[in-house]
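Below is one structure, written out as structure tokens, with a few remarks after it.
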């Protein structure tokens, strides 16, 4: 499962890094699911949002602030979502900074869509508030995660319910 660590490798590659400091690196997602999709990767060895502790609060706040700064600087006026996958496929805590156009050839299936457009996607501000109040991020249960990933397709900007991913992708172009 070396691919699980590909993000960690990419976050250390000077050819891929668009920003780096002592707490984080920022890269363009190599499998971008939108026209603009950045990953803010923690340098501290935190495997995922489920492993974040109250002592990591400043890291999450800094990652959120940097993500918003990158979105403003490189986002070309697009609207963005900032958050974490409840159950990420890649190792190392990483914040998704993703434009809400979802116009990308890499957006291919129901799971891709639902990982950003259901409660599987944990909003960055919610994660920070949870850490402040609870000392951990409150995540959905395994059953809820499975349900979120199987949720029927629905446009995130209107009430359109497509029959399949190609129809959703065609519809999304009407919102650009």
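Numbering (our numbering), first residue to last: 7 to 182.
Ideal Cβ positions, reconstructed from N, Cα and C, are used throughout, including at glycine.
Go ahead and pull the three-state DSSP assignment for residue 50. coil
Residue nearest to residue 60 in terms of C-alpha spacing, selected from 133, 36, 96: 133
Contact defined as beta carbons within less than 8 Å: I believe residue 17 pairs with residue 31. What is the distance between those atoms, to the nearest angstrom? 4 Å
Specify whether the region 71-84 and the region 136-152 touch according to this definition: at least 3 beta carbon pairs, one from each stretch, less than 8 Å apart. no
Measure the Cβ-Cβ separation of residue 96 and residue 12 and say whether it is below 9 Å. Result yes, Cβ atoms of residue 96 and residue 12 sit closer than 9 Å.
Tell me, please, which residues DSSP counts as bridged to residue 34. 44.
DSSP puts residue 100 in a beta bridge; with which residues? Answer by DSSP bridge pairing, in chain order: 47.
Going straight from the alpha carbon of residue 70 to that of residue 181, what length do you get? 26 Å
Rounded C-alpha distance that separates residue 148 from residue 25: Rounded to whole angstroms, the separation of the alpha carbons of residue 25 and residue 148 is 34 Å.
Cβ pair residue 136, residue 87 closer than 9 Å: no
What residues are listed by DSSP as bridge partners for residue 91? 127
Can you say whether residue 176 is buried or exposed, counting buried as having 16 or more other CB atoms within 10 angstroms of its CB? exposed
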